[in-house]
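In full-length UniProt numbering, the protein residues as written are 1 to 385.
Have a look at the structure below, then the notes.
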């Protein structure tokens, strides 16, 4: 397949099927907020709602609005944020973890991951709704300061909570890094503070998350950023090799940092060489640090991260190297498209088993952020080339 043709197919799927379906059925017009899942008959479920889903869906619709989608994105982008505030925001100023479908908080606990997505949604809304920019700048600043006061790690990055809880994770930092890169680009935000935090996380990733000898990026760490003891410290996720590679490339381009490009290329190579199932041609869930397979299940989101990293590497390469990355991007797009083959167009499968069959379950809203980001990234990168 040709990646340009695949990109056009994905664009059409997004604009004509997925955005309209998730706008109509994925937002709870009566009670407010975004639903957690839509079943394969195209109807919303009453599953409990993880808080991360709210700002992620806000991001999707704000981004669609920015790209000129003709549907009513604004009502749900603004409505989703106000529901997120009303239901999940705690007296501390942080967002809790889980609510039921009636909008009652079930788990108010702190998770750095959820705060990172709040920050990403603030940056996106500020870009796309100019009259919200001053409010979003102030809220973004306030949440960053609160995080620094609550759980800043004494060396670099952040603890999981206060008091500190182990293991520490690279994954919340990845999403915080993404929010920093978005925030430092918004006129009117505290761009210096966001750039400084982005730099700190980039160096923490290159110095501690990425193994100096092998180049793999680990998930779990002890309090001094050494790999967590036992099996947990050996976990390596191909999807995160790709996602960190993509983020480090974006940061490296802005900062002119050659070391980050070298590390990102190694991450990509590990993900592509060891994290793609040869038989199914999909990125699988988990490896160990010796690059043996820990979990052969393939989920949707690693396919999008493979696609984003491959297409961005293609823009930064030329000649035969560019062709190599374009071919990889095309494989990733093909893998993603297989997850999008559902009875009702605009939904997706989340998990593919080792035998190649998909788990029959509702489509999780949380995947939409990965899909939207990947489709628009391909569009942007092809335009650049």
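Backbone N, C-alpha and C define an ideal beta-carbon position, used for all residues, glycine too.
Please read all numbers here as calculations on a predicted model, not as lab measurements.
TODO: Can you tell me which of 97, 190 and 120 puts its alpha carbon nearest to the alpha carbon of residue 138?
DONE: 190
TODO: Give the secondary structure of residue 115 by DSSP, where H, G and I count as helix, E and B as strand, and everything else as coil.
DONE: helix
Open item on the list: Once the 5 residues before and after residue 184 are set aside, which same chain residues still bring their CB inside 7 Å of it?
Closed with: 191, 194, 195 and 198
- [ ] Compare the Cα-Cα distances from residue 200 to each of 344, 180, 55 and 359 and report the closest residue.
- [x] The candidate whose alpha carbon is nearest that of residue 200 is 180.
- [ ] Starting from residue 75, follow the alpha helix (DSSP H) in both directions and report where the run begins and ends.
- [x] 74-88
TODO: Give the straight-line distance between the Cα atoms of residue 107 and residue 100, rounded to the nearest whole angstrom.
DONE: 9 Å
Task: Where residue 308 falls, given that 16 or more other Cβ within 10 Å makes a residue buried - done: buried
Open item on the list: To the nearest angstrom, how far is the alpha carbon of residue 368 from that of residue 380?
Closed with: 18 Å
- [ ] Could you tell me the distance, in whole angstroms, from the CA atom of residue 263 to the CA atom of residue 245?
- [x] 8 Å
Task: Three CB pairs or more closer than 8 Å across the segment 207-214 and the segment 274-282 - done: no
Open item on the list: For chain C, check one thing: does any of its Cβ atoms lie closer than 8 Å to the Cβ of residue 9?
Closed with: The structure shown has no chain C; it contains just one protein chain.
- [ ] Name the two residues that bound the continuous alpha helix (DSSP H) containing residue 245.
- [x] 238-255
Open item on the list: For residue 152, tell me which candidate among 64, 102, 176 and 348 has the shortest Cα-Cα distance.
Closed with: 176
TODO: Confirm, please, whether the CB-CB distance from residue 316 to residue 382 is below 8 Å.
DONE: With respect to residue 316, residue 382 sits apart: the two C-beta atoms are not nearer than 8 Å.
Task: Span separating the alpha-carbon of residue 76 from that of residue 359 - done: 29 Å
Task: For residue 157, three-class secondary structure by DSSP - done: Coil at residue 157, not helix or strand.
Open item on the list: With H, G and I counted as helix, E and B as strand and the rest as coil, what does DSSP make of residue 332?
Closed with: helix
Task: Validate contact between the segment 78-89 and the segment 50-63 using beta carbons, cut 8 Å, 3 pairs - done: yes
Open item on the list: For residue 267, tell me which candidate among 291, 285, 242 and 257 has the shortest Cα-Cα distance.
Closed with: 242
Open item on the list: Once DSSP output is grouped into helix, strand and coil, what is the label at residue 37?
Closed with: strand
Open item on the list: Helix, strand or coil for residue 378? Go by DSSP, reduced to three states.
Closed with: helix
Task: Straight-line gap, residue 221 to residue 206 (C-alpha atoms, nearest Å) - done: 14 Å
Task: Candidates 126, 87 and 141: closest to residue 34 by CA position - done: 87
Open item on the list: Mapping the DSSP letters down to three states, classify residue 129 as helix, strand or coil.
Closed with: coil
- [ ] Just mark residue 169 as buried or exposed, buried being the case when its beta carbon has 16 or more other beta carbons within 10 Å.
- [x] buried
Task: Cβ separation of residue 62 and residue 19, assumed to be a contact under 8 Å, to the nearest whole Å - done: About 12 Å; that fails the 8 Å criterion.
Open item on the list: Less than 6 Å between C-beta atoms, sequence neighbours within five positions excluded: which residues of the same chain meet that for residue 49?
Closed with: 36 and 99
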